[in-house]
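The block underneath contains the structure these notes are about, expressed in structure tokens.
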Amino acid sequence: MKKLNQTLALASLATSLWLGTGQLAAQDQPQRQGRGNFDPAQFQQQRLERIQEQMGVKDEAEWKAIQDRIQKVFDAQTAVVGFRGRGGFGRGGGRGGADNAGGGNNGGGRRGGFGGAPSPELEALQNAIQNNAPSEQVKAALEKYRAARKAKEAALEKAQAELQKILSVKQEAVAVTNGLLN
1221 MKKLNQTLAL ASLATSLWLG TGQLAAQDQP QRQGRGNFDP AQFQQQRLER
1271 IQEQMGVKDE AEWKAIQDRI QKVFDAQTAV VGFRGRGGFG RGGGRGGADN
1321 AGGGNNGGGR RGGFGGAPSP ELEALQNAIQ NNAPSEQVKA ALEKYRAARK
1371 AKEAALEKAQ AELQKILSVK QEAVAVTNGL LN
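Using the numbering used here, you'd call the opening residue of the sequence shown number 1221 and step up by one each time.
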């Protein structure tokens, strides 16, 4: 029995050492950009560099004109994303209280995507639904939301058309594959 206990203790020690070295090795690795370290500006810059490379644009003046219009498309896409919401009032469904009424971290539509600001019209509509507002109030909030969303979508379409005007066929194809154009 004493021999078995010693064997188990030795096996336990070996396992602990083995697991510990794995964690130490992981700590020695350079930190990769994880969820907590996400930098939207850095992500966007890398995306722009990738698009420039794919488009084969070498001339700085040409790239400046394209980049300015791509930025307008990015901005318009971000504005539209704020109007899409999350399809619910947060991950937990309809958790009541102030958290979900738009004031807390768990509120639906608090973030519209990569930095997409929540639309005030969407928040007003969600609040009207959550607070069981009268039908007339919900209808008015819905109409305001739809009008604001149409305006943002129109701005996106205009930005996309302006970008498309200055692109070659190959560049347009790259823009389509990168989600800049339809």
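Just so you know, even glycine gets a beta-carbon here, dropped at the ideal spot from N, CA and C.
- prompt: Is the beta carbon of Ala1285 sitting closer than 8 Å to the one on Ala1375?
  reply: Looking up residue 1285 in the sequence shown gives position 65. Looking up residue 1375 in the sequence shown gives position 155. Their beta carbons are not under 8 Å apart, which means Ala1285 does not touch Ala1375 by this criterion.
field: Cβ separation of Lys1372 and Val1293, assumed to be a contact under 8 Å, to the nearest whole Å
entry: Working through the sequence shown from its first residue, we reach residue 1372 at position 152. Working through the sequence shown from its first residue, we reach residue 1293 at position 73. 13 Å between Cβ atoms; not a contact.
task: Please check the pair Gln1291 and Trp1283, which I expect to be a contact at CB under 8 Å, by giving their CB distance rounded to whole angstroms.
output: Translated into positions along the sequence shown, residue 1291 becomes position 71. Translated into positions along the sequence shown, residue 1283 becomes position 63. With a Cβ gap of about 12 Å, Gln1291 and Trp1283 do not count as contacting.
Endpoints, alpha helix (DSSP H) assigned at Ile1286: Along the sequence shown, one-based indexing puts residue 1286 at 66. First-last of the alpha helix (DSSP H) with Ile1286: 1280-1301.
- prompt: When we look at the beta-carbon of Gly1302 and count the other beta-carbons within 10 Å, is it buried (16 or more) or exposed?
  reply: For the purposes of this step, residue 1302 is taken as residue 82 along the sequence shown, with counting starting at 1. Flag for Gly1302 reads buried.
- request: Could you have a look at Asn1347 and say whether DSSP puts it in helix, strand or coil?
  value: By one-based count along the sequence shown, residue 1347 stands at place 127. Looking at Asn1347 - three-state DSSP - the assignment turns out to be helix.
- prompt: Is it right to say Arg1270 is buried, meaning 16 or more other beta carbons lie within 10 angstroms of its own, or is it exposed?
  reply: What you label residue 1270 is simply residue 50 of the sequence shown in a count that begins at 1. It counts as exposed.
message: Relative to the C-alpha of Ala1381, which candidate in Arg1289, Glu1363, Gln1274 has its C-alpha closest?
response: Here residue 1381 refers to the residue found at position 161 when the sequence shown is read from its first residue. Considering only alpha carbons, the answer is Arg1289.
- prompt: Three-state secondary structure (DSSP) at Leu1383?
  reply: Here residue 1383 corresponds to residue number 163 of the sequence shown, with the count starting at 1. Reduced to three states, the DSSP call for Leu1383 is helix.
- request: Keeping to the same chain, check which residues put their C-beta closer than 6 Å to that of Gln1274; ignore five residues upstream and five downstream.
  value: On the sequence shown, residue 1274 is found 54 positions in, with the first residue counted as 1. Excluding residues within five positions, the ones whose Cβ falls inside 6 Å are Val1394.
- request: Look up Ala1353 in the DSSP assignment and say whether it is helix, strand or coil.
  value: Mapped onto the sequence shown, residue 1353 falls at position 133. Coil at Ala1353, not helix or strand.
Coarse secondary structure for Val1277, derived from DSSP in three states: Sequence index remark: in the sequence shown, residue 1277 carries index 57 (1-based). The answer is coil: DSSP assigns Val1277 none of H, G, I, E or B.
Three-state secondary structure assigned by DSSP to Leu1268: Taking the first residue of the sequence shown as position 1, residue 1268 is located at position 48. Three-state DSSP puts Leu1268 in a helix.
query: Is there contact here, the stretch 1339-1350 with the stretch 1363-1372, by at least three beta-carbon pairs under 8 Å?
result: yes
- prompt: Can you check whether the CB of Ala1344 is closer than 8 Å to the CB of Lys1364?
  reply: To locate residue 1364, count along the sequence shown from 1; it is residue 144. To locate residue 1344, count along the sequence shown from 1; it is residue 124. Yes, these two residues count as a Cβ contact at 8 Å.
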